[in-house]
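Written out below as structure tokens is the structure these notes cover.
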Amino acid sequence: MPFGDHAAFISRNRLLAALSPEDLARIWPKLKAVPLPLRTVLSAPGEPITAVYFPETGYVSMLAYLEKGGVIEVGVVGNEGIVGLPALLGDDSDDCEAMVHNSGTALRVDVMASRTELDRTPTFRNLLLRSDLFQHKQMVCTAACNRRHHINQGLARWLLIAHDRAEGGLSARTDEFLPIMLGVRHA
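Numbering (this note's numbering), first residue to last: 1461 to 1647.
Written out as structure tokens, the structure reads:
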């Protein structure tokens, strides 16, 4: 099938949609559409990252595990970003767990194929660096909000972020998820 027939499909991930048609045409054959079932772990702390994911629908929570056994969400990646970015920027693993928190779909690509495109395509490299900066700023904001704001403000912030990433279609939540997302303890 000609590449042009897939342009609308690919544009659901805003990073890929920002690429020129020529750059997108080079990476397109390496991308594979995959489902993102709820609670699927895409990468685990300290484990090798073998693939990167460009979410199209749904979103992925970036979870940090604490020394005393707690876990807290430090970031969210939806169709504006990429999961597995540390592997493309020189680190073979991540400090966070990437877990699907709202089911959806993604475009998956092998790390080595992504690194090749990163080296060949300055536009792709610049977009990924900007995505990394955005994710860093989001994590800083999340940490500050979890520490300084009242739980109601944190819940409102999290619901807005989740709503944006889920394109309005939030999946059902359970009591086990909210404390993780808000950085608070179970009662």
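Glycine is no exception: its CB is placed at the ideal position from the N, C-alpha and C atoms.
Boundaries of the beta strand (DSSP E) harbouring leucine 1502: 1501-1503, taken from the DSSP string. Each residue's CA atom was taken as its position, placing leucine 1479 and glutamate 1577 some 12 angstroms apart. With respect to serine 1553, glycine 1506 sits close: the two C-beta atoms are nearer than 8 angstroms. Contact annotation: the stretch 1485-1495 does not touch the stretch 1523-1531, with fewer than three C-beta pairs closer than 8 angstroms.
Annotation: glycine 1538 to leucine 1484 spans about 19 angstroms, alpha carbon to alpha carbon. A residue is called buried once 16 or more other Cβ atoms fall within 10 Å of its Cβ, and valine 1600, having fewer, is exposed.
In the three-state reduction of the DSSP assignment, lysine 1597 falls in the helix class. Buried is the label assigned to asparagine 1562, since at least 16 other Cβ atoms lie within 10 Å of its Cβ.
Inside the stretch 1471-1534, DSSP marks whole beta strand (DSSP E) runs of 3 or more residues at positions 1492-1496, 1501-1503 and 1511-1525, from first to last along the chain.
Counting only residues of its own chain and dropping the five nearest sequence neighbours on each side, isoleucine 1487 has a CB closer than 6 angstroms to the CB of Glu1577.
DSSP, read as helix, strand or coil, puts asparagine 1586 in helix. Contact between valine 1512 and serine 1574 is confirmed by a C-beta separation of about 5 angstroms, below the 8 angstroms threshold.
When the Cα atoms are used, proline 1497 and arginine 1580 turn out to be separated by approximately 32 angstroms. For threonine 1576, no beta strand (DSSP E) encloses it; the enclosing alpha helix (DSSP H) starts and ends at 1571-1580. In summary, proline 1481 is exposed, with fewer than 16 beta-carbon neighbours lying within 10 Å of its beta-carbon over all protein chains present. A straight line joining the alpha-carbon of phenylalanine 1514 with that of cysteine 1605 spans about 27 angstroms.
In this structure, alanine 1566 lies near glutamate 1516, with their beta-carbon atoms less than 8 angstroms apart.
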